[in-house]
Amino acid sequence: MSGAMLLEASGLEIRFGGVVAADGIGLTIAEGEHIAIIGPNGAGKTTFLNICTGYLKPRAGSVRYRGRELIGKSPRAITRLGIARAFQIPQLFAQQTVRENVAIAAAARAGRIAPFTRLLATPERDKADALLALIDCADVADREAHELPEGKRKLVDIALALALEPELLLMDEPTSGVASSEKFAVMETLIRALEARGVTSVFVEHDMEMVTRYATRVAVWSSGQIQRDGPPAEVLADPEVIRTVIGTA
Amino acid sequence: MMRILFPAILAALAVYPFVGTSYVPLLTIVFAKALPVLGIILLLQAGQVSFGHALFFAVGAYTMGFVLRDVGAVDLVLLLPLATLAAGVAGLAVGVFVVRYRYIFFAMLNLAFSMVLYSLLEKFFHITGGTDGLRVARPTVLGLAMDRAEFELVLYGVSLALLAAALAAVHRLLDSPIGHTLKAIKTNETRVEYLGVSPRRTLLAFYVISAMLAGLGGALVAVFQGLATPDYAYWTRSGEMVFVAILGGAGNVLGALVGSFAFEFIRSFAAAYVGDYWQMTLGVVLLVIILFQPDGLIGLVQRLGRRPGRGRAGAAGERGRSERNAMERV
Amino acid sequence: MNTQLLLLVLFDGIAYGALVFLVAVGLTLVFGVMRILNVAHGSFYALGAYAAVSLAAWLATRGMPGWLALPVYLVTAVVIGVVVGGLMERFLLRRIYDNEQALQLLVTFAIFMILENLQRVIWGVQPYFYSGPLQALGNVSVGGVTYTAYQTLFLPAIALCVLLGLRFFLRHTLAGSVIVAVTEDREAAMAVGINARRAFLVTFVIGATLAALGGALASPTTSVLPGIGPDMIVLSFAVAATAGLGQIEGAALAALLIGLGRSFAVFYAPEFEVVMPYLIMVLVLLVRPEGLFGRTAARKI
Amino acid sequence: ADKPDKVKVGITTFLSGPASVFGVPGRAAAEILAKDLNDRGGIGGVPVELFFTDEGAGGETLASEFRRLVQDEKVDVMMAAISSGNCLNLAPLAEDLEVINILWDCGTQRIFEEEDYKYNFRTQGNATPEMMAALLYLLQTKPDFSTIAVVNQDYAWGRDSWNLFSSALKALKPDVKVVAELFPRFGAPDYSAEISRLQALRPDVILSTSWGGDLETFVRQASQRGLTQSSTFVLPLAESSLQRLGGALPDGAIVGGRGDHYFLHPETKDTDKFKAFVAEFQDATGDYPIYPAFHMAQAFAALEGAYAKAIEANGGEWPDEDQVIEAMNGLSFTGLGREVTLREDHQGLEDQLIGTARTVGEYDFPIIDNMRIYAAEDIMPPVGTESVEWIGGLDQSFLDTKFDAYTYGD
Amino acid sequence: MLELQDLSVAIAGIPILRGVTFSVGEGETVAYVGRNGAGKTTTLRAIMGAVASTGTIRLGGRAIETVPAHERPGLGIGWAPEDRRLFSAFTVKENILLPARVARLDPAERDRRLERVYAILPELKEMAGRPAGSVSGGQGKMVALGRALMIGTRLVLLDEPFQGLAPVLAQRYGEALRALQAADPSLSLLITESNPALLKSFADRTIGIERGEIETAPVLADPGR
Ligand SMILES: Nc1ncnc2c1ncn2[C@@H]1O[C@H](COP(=O)(O)OP(=O)(O)OP(=O)(O)O)[C@@H](O)[C@H]1O
Ligand SMILES: Nc1ncnc2c1ncn2[C@@H]1O[C@H](COP(=O)(O)OP(=O)(O)OP(=O)(O)O)[C@@H](O)[C@H]1O
Ligand SMILES: CC(C)C[C@H](N)C(=O)O
Ligand SMILES: [Mg+2]
Ligand SMILES: [Mg+2]
């Protein structure tokens, strides 16, 4: 099922004071994959995403995207290459409405400056509404972002990433904080949308249920290293992984 | 409100000179000074307070002075664009540097630059006329030399027209995609980066525009007063501009006009009637506005037309605030 | 340039820097803690100077020896800090903590205008002058040049004490931690039992007191006149920004730089005297965008 | 024209900022003078009404206020201004607004040398005679010095006055070395660094044409650090600060008052008019009058005189503006010093009184002793000649310029 | 221990809690569940006095709605906010100790509690010296929990404590919290969770909230569906 090589990370190292957050991380991602990253807290999962998106610069190692080196590039440049990111802690524009939030992202994607047309009169408006409907946040479209409850904020955060129409989408615990009643429904539609658009995705996740359902592959982080990497069935069955991450239900 | 109120005000102001003249000079100043305020409002959208826009005001003013002194009789129609351009160039030069900074650093760097200009204007007595300033001769308009009365009338019209154009343009601009990006910088710059957009360049673009607005204002004031002095660039001037922006209300471009109007009138009446107390009067008025009308005079009008649930800072306060410093934190 | 001149530059620089620091540190503190750029700070300075000079001069006519003015200054400063600063925080600032920074700044701007005017009403526009302490402490001679011990020794000493005192207060006392916590997140602070309001009040009063003290201590060295406030405040701004957000040590270094820069200018390039503080600030921020001692913001995402 | 019910007079003076030390006494004087005038029935039976506005508010606000007074209040005469800078800006404005303007205190000589004005008149001397008097007095009384330093405020007055003084010095005593030219900004609160530098340089003479708060701060800090012991101070404007400086000003400093006026003026101090004014001024302010007060007296004398002359010329009828202007030309009037005459270039001819500070029993502040009064004509260029070139042509004979000498007490 | 009598909150005019009424018994552990935006966090913030509310809030029989926000922790209420709210200027340890210092506990007592916290959350001991600003999302949650336990002697409010925690840890917390109750039977816990499955294991009781109102018959959303 997995197509051409998309992203290739190798030998990533970074430490903060004493903490080793990445210690020779290497991971390859092929088109069409949906890779779940699991691992104990503080293992370095977010750090990995931070490196891939240019927020942190590793002491060593490289990340190639379609053969292009990403290390040293700014988050902006990397985003322009088609890599979008959703955050563990939602990053929204607090004082603008949810619809505006998403439309801004869409406009950024379209490179639309249009100094004299209203944002909500541009085609981006419809894009925004479509996306909000997808993650079923249409009801809060007119709320200012800071008014939203945590769960909704997470979803809107994902919508912003989607609005960039990325080739590769990196999501940091996309549905943590989203009520379990919606969780699955949302992730379901989300993954379908990604498939439909042919978007490859990586998502950090602590909910094994999610992992088993939606990941095509699982990578297990543990104190800055990749402890295990493979198809969900195998990896989640690995006693070591069960001991360090999953625990006995 | 831009639809109803704006045209109404314009119409009223446009016919005024035909019914009465005594406030023509004061109103001209009001219009001219509303321009830099508009520039301030622009930057406030991105959460940035410039404490140095007097710099560009002064650049505009002195450009007029220098050209008229050293080049000779240049026509107003040429002078204004010239001064605006000069301010724009200055804005670019300073902007490239300051847009890298935020909050107090942004505010203070702007202040620093304007104070540097201020000191230079003061020090280079033989070029700039020093503290006493530079006289600005009265230029021709479309080739005609005019006496004071005519010229003041013309200037009234010109300032009003320019201001109206600027207000309309900025209003559009702020609601446009790039305008919204600007506002986004205020609450979450990191995310803007992650949208593939450069906050700095966006800010720079608007910075230059605001500088040009300030410059135009300075130019108009200078020809009107026939004078350009270093304290055009002094920090309290910049403070005044921010002051007026808040007084009028930074939430809407009309705030610039309303604020400038209120400010100049309060000032001249205070000067006339409470004499030594004019400063205090202004201060008290401002306090009252901020405490009881945080979104400025314009907010009063605006409030009526606003849907509930979108209340600004005041209302959504608690969470709004914690949200804000959450944003600083996350 | 010969060493003797350098020496003089050094002394003038330190003397002036010490004074600037005493005033600017209060502003830096208030800004660091409350994120409010207090434009009225300069007015506290002026009030301090006026109150101190008129009180001391009056007492002197009642036969108070010059050195006794020093304790008087301290008392005046504290009274002003507590009364004026306290009232301002309690009845004005407290109401706008939830509003935007720009708005908070403007409130202080309004208060600045009012206080400036008020001070003119109370003390008029005539200059006041009383240099009792200055004379009491006498002169010292350096390389054939006479300095007042007050400016070259006493003020720097005081500045040093204030620096160390504040440092200790913020780093090693509960009150200090409380203030720091409140700065970062009021709601969270309340949730661990901190009385945010009191913390803000205390901070602001300290800041105001320092400004007033600066004014009081400056009064013997200059005639107290309308307009000293606004001049001092821009300097304090420059210091606060150069220092880095709320960095006490930064403020000290920045003030010193500015002091030296100024006296350098006077000796070697008088035209640049006025520009110096700003040039220094621009240069520093060019190299260190977060200010001299500024910490780069904590992890964001 | 038929009689108005008031003659409105607008006056600009420093009411705020360091300079207000100097401007406020000016206002006090104006109020006293207006009251007296009105008690005497006003101008040709018409009372005067005064409108004050603050020069401290800054050039632009001042210009607007000037406008407002002329256009809205419809004042008949303006009196502007103290600061040379403001005069340079307001004189053209007055011309533009076609209102009579009396330059009541500002000093820069450039005003009438660079422009011809119809509506502007200066009822007092200007920088040139004021500086020449100071220089002459120095050269005549303390000729043996070889180095000089200047500490002036950084604005028109400070610059122009030094320009005049120094070029005259170059012409008359070329060997003197200028060791430092310091122009601290107007209103600077602290001169420590400047003083250190001066102490390092040890000039024989230190000139400062500063005034108001600035002068006081400078002199205080200088004397505190013993600078006043090591150098001779030449302070052409210090008369206006003597009372507040008290002991800080060392005996022996050369002190002037920009014209011939002084509350102990040897020729006029005993006239009833003079005594009455000093008394009233003391009641009002608690101080002896300083020279802005005297300059104000001259402005009022000129105003009254001009109207009287115009009314007479108009056969008892109330004059229109042009007739008043007509009357102003060549007008002679007497304030509280000697008589002053307006030349055809509208510049006043005012003699110059200057002397040496000395502490005496009767006053708790130094008084001016060894006074010399120089005649205006002798120490300023004739109409049409620019000061700078006139000074260029000075030679040693200038040092023999006559004067009337007086010592305190007789 | 805790009793809420028709507690209502409105923000910017919108009603967010409508007459919320329920109680948590002494030593009881209550799961407070509801979908996003139901009002869980707001309820906790109201109890802490972080938002203005109407109705009554009783702690151990005493009405505390009039007690100023900053004095409520002193009554023995600890709160671990959903969004962590750490003080990044301090280290992890300083964060945990802060409530105790503010309450001026004597050092002995303070250390006793600190040990208890470390016992429950050993990870914190390792992180003790690190700047709180630098810790990871999940680590942050732990620090917030530890901080709440320092001061919360009678009632601890946990806002989605498991959110973002690796499952092993989540489980261990379950156990740890139970251990806590065992150690101190009078301690009451109110735990919000949008994912009730995690609480099934040890909550004594579940209260549901929906659109700001208490659901009478809370149906625990079953993950399977
Ligand atoms: N400052 C505010 N302004 C306007 N509405 C607000 C504000 N704060 C909260 N709300 C609204 O109150 C409702 C409850 O929010 P709350 O955070 O309590 O939900 P929650 O149950 O905690 O959701 P989650 O499980 O996602 O944390 C939401 O609809 C939210 O939009
Ligand atoms: N900017 C930083 N400064 C200092 N330390 C950091 C920084 N970013 C990460 N760390 C440390 O690196 C380690 C890995 O952090 P990271 O956020 O990647 O963990 P994580 O796997 O995402 O954990 P979680 O599942 O809780 O989010 C943590 O111990 C954290 O304290
Ligand atoms: C007060 C005066 C000394 C002012 C000075 N004559 C000037 O022209 O500015
Ligand atoms: Mg993470
Ligand atoms: Mg919640």
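Protein chains in written order, with this note's numbering: chain A, 1 to 249; chain B, 1001 to 1330; chain C, 2001 to 2301; chain D, 3001 to 3410; chain E, 4001 to 4225.
Using N, Cα and C, we set each Cβ at its ideal position, and we do this for glycine too.
None of the values given here were measured: they were computed from a predicted structure.
Residue j beta carbon less than 9 Å from that of residue i
i	j	result
leucine 3245(D)	arginine 3220(D)	yes
methionine 1064(B)	valine 2274(C)	no
serine 3016(D)	alanine 3057(D)	yes
proline 3203(D)	valine 3179(D)	yes
glycine 3059(D)	threonine 1229(B)	yes
alanine 2241(C)	leucine 1109(B)	yes
isoleucine 4191(E)	valine 4030(E)	yes
isoleucine 2248(C)	threonine 2028(C)	yes
glutamate 3073(D)	threonine 3012(D)	no
alanine 21(A)	glycine 3(A)	no
Which residues DSSP lists as bridging residue i, in chain order
i	result
serine 2141(C)	Thr2146(C)
leucine 4002(E)	Val4024(E), Leu4059(E)
lysine 3008(D)	Glu3049(D)
tryptophan 4079(E)	Leu4157(E)
alanine 84(A)	Leu169(A)
tyrosine 3406(D)	Met3371(D)
isoleucine 35(A)	Val202(A), Arg217(A)
proline 4131(E)	Thr4091(E)
Burial state of residue i, where buried means 16 or more other Cβ atoms lie within 10 Å
i	result
asparagine 2117(C)	buried
alanine 4063(E)	exposed
serine 3208(D)	buried
glutamate 1264(B)	buried
cysteine 137(A)	buried
valine 1015(B)	exposed
methionine 1207(B)	Just to set this straight, residue 1207(B) is tyrosine in the shown sequence, not methionine. Label assigned to tyrosine 1207(B): buried.
lysine 127(A)	buried
cysteine 1948(C)	This structure does not reach residue 1948(C), given that chain C is present from 2001 up to 2301, and the question cannot be answered.
arginine 99(A)	buried
Within chain D, partners of residue i - CB distance below 7 Å
i	result
asparagine 2038(C)	Going along chain D, no residue has its Cβ under 7 Å from asparagine 2038(C), so there is no contact; the nearest lies around 20 Å.
Selection from the options that minimises the alpha carbon distance to residue i
i	options	result
glycine 54(A)	Glu33(A), Arg80(A), Gly32(A)	Arg80(A)
tyrosine 1118(B)	Ile1266(B), Gln1279(B), Phe1261(B), Tyr1232(B)	Tyr1232(B)
glutamine 88(A)	Ile71(A), Ala60(A), Arg153(A)	Arg153(A)
leucine 3037(D)	Gly3305(D), Pro3092(D), Asp3345(D)	Gly3305(D)
isoleucine 242(A)	Ala43(A), Gly111(A), Gly39(A)	Gly39(A)
glutamate 3350(D)	Leu3090(D), Gly3361(D), Ser3332(D)	Ser3332(D)
threonine 200(A)	Ile35(A), Phe16(A), Gly24(A)	Ile35(A)
alanine 1262(B)	Leu1005(B), Phe1018(B), Lys1033(B), Leu1163(B)	Lys1033(B)
Chain E contact residues for residue i, given Cβ-Cβ distances below 9 Å
i	result
glutamate 2089(C)	In chain order: nothing, as chain E lies at least about 17 Å away.
Closer than 7 Å at the beta carbon, the chain C residues around residue i
i	result
glutamine 1225(B)	Near glutamine 1225(B) there are no residues of chain C at all, since even the closest Cβ is about 23 Å away, more than 7 Å.
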